Structure formats: C-alpha cells, structure tokens
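Positions -19 to -1, 1 to 152 (mature numbering (1 follows the signal peptide of the UniProt record, and there is no 0)) are the ones given, in order, by the sequence shown.
Cβ atoms here follow ideal geometry from the backbone N, Cα and C, with glycine treated the same way.
From a predicted model like this one, the values you see are computed outputs, not experimental measurements.
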Amino acid sequence: MGLLLITVFVSVMLGACQGQQCPHGWTFALGNCYRWYNGPDRLNWYDAQNFCQHEASQDCGWPCNSNLVSIVSGEENSFLLDYWRTSREPVDPSLGQHYWIGFSEIGLTLSFEWSDGSPITYNNWDNGEPNDGSGVQFCGVMWKGVHNEDIGTWDDQPCTLEKPFICKYRL
C-alpha cells in the first residue's frame, strides 16, 4: 500500500512539472513554462538566477530546474516580448525597460553562455552589443525601447542592477 501511494505521489508531481501543464502562475508556451517577476521582485542578476533555481522551482512541489530564461530561437524571443508586454505592470514609456535573461559571461569561459546550459543557437544583440561598457557589463537583458517600441533586442548590463526577470523551465 505504501509503495502504491509513493508511486501515485511521484506520478502526480512529475506530471505537474513535466506534463503539458504548468503550475499555477506559470505560462505554457513552446514546450516550456515561464513566469514573469516584476514589482517588488526586482533583483540583481545573481539573485534572480538563484530565485529561479530555488524559490520559483518550489511552485512544482519539487525542483523543476528553473533558471533565468534562455532564448533559443526568434520565435521564443518574439513570444517573450509579447509575454512581457501583456504581463508586466505599466511603466513610464520614456524610460524604456530591461529584464534579465539568463545570458551572461560570468562563467569560466569569459564568453556569453546560458545559465541553464542551453546551446547558443540564437542571439538578438542590439547594434553595437555586447559592448561591456565600462568593463562591468557581464549580464544580458532584453530591451523594450523608449516610446513603447517593442524591439526585443538584447543588451549587456552590470549584473548588480535590480531588474524584473523571467524564469523558465523545460517540460
């Protein structure tokens, strides 16, 4: 009887994180689950990645291997821009806005890589980026331009700035 209950529990938990449904508060798209964190949840890149790996993963009831979002195609980049536009709190459009993505050059290779280990199959750097401005820009952001331009290009920024972010896990 005990083995049956354990088997049912594990099956339910696996289904919640690996089936075609995402936990409450997460959005399913492109075979992944995504969750937008804004408002008081603005964190620096390191804390946002840690939050995705530990706290956001608890939504599944067990670790789902969530990370800051990796973007592996133009289709995913377009989805994320639209998801951001429809999920975030309004901001002053004259300021523009960034959110953290899981792209950084803080690893041993000193070249940009995804925090979840995804292969680099796509990039959407803005013109002249990454430029490592002032020698302190090691973490990637997606950019929503000024005057409500939805451009979705990427920029490198200092990792210590506090920004909104999106977590992702693969089903």
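Is it buried or exposed, residue i, if we count other Cβ atoms within 10 angstroms and call 16 or more buried?
i    : result
P145 : buried
E36  : exposed
R66  : exposed
S54  : exposed
D40  : buried
N112 : exposed
Q34  : buried
Does any CB atom of chain C fall closer than 8 angstroms to the CB of residue i?
i    : result
W135 : The displayed structure is made up of one protein chain only, and chain C is not part of it.
The beta strand (DSSP E) with residue i in it runs from where to where?
i    : result
W65  : Note, W65: premise wrong, no beta strand (DSSP E); alpha helix (DSSP H) at G55 to S68.
R151 : F146 to R151
G116 : Run containing G116: none; DSSP gives neither H nor E here.
H79  : Q78 to S85
F9   : T8 to A10
For the alpha helix (DSSP H) that residue i lies in, which residues bound it at each end?
i   : result
A37 : A37 -> no alpha helix (DSSP H), and no H or E assigned at all.
Using a threshold of 8 angstroms, state whether the C-beta atoms of residue i and residue j are closer than that.
i    : j    : result
D107 : G121 : no
C148 : L11  : no
E143 : N19  : no
S85  : C140 : yes
W135 : N105 : yes
N13  : Y103 : no
N58  : G133 : yes
Nearest to residue i by CA position, among the options, is which residue?
i   : options           : result
R52 : N25, D113 and D97 : Note that residue 52 corresponds to Ile in the displayed sequence, not to Arg. The residue with the shortest Cα to Cα distance from I52 is D97.
L89 : F119, A29 and D63 : F119
On the three-state DSSP scale, how would you describe residue i?
i    : result
D137 : strand
Y27  : helix
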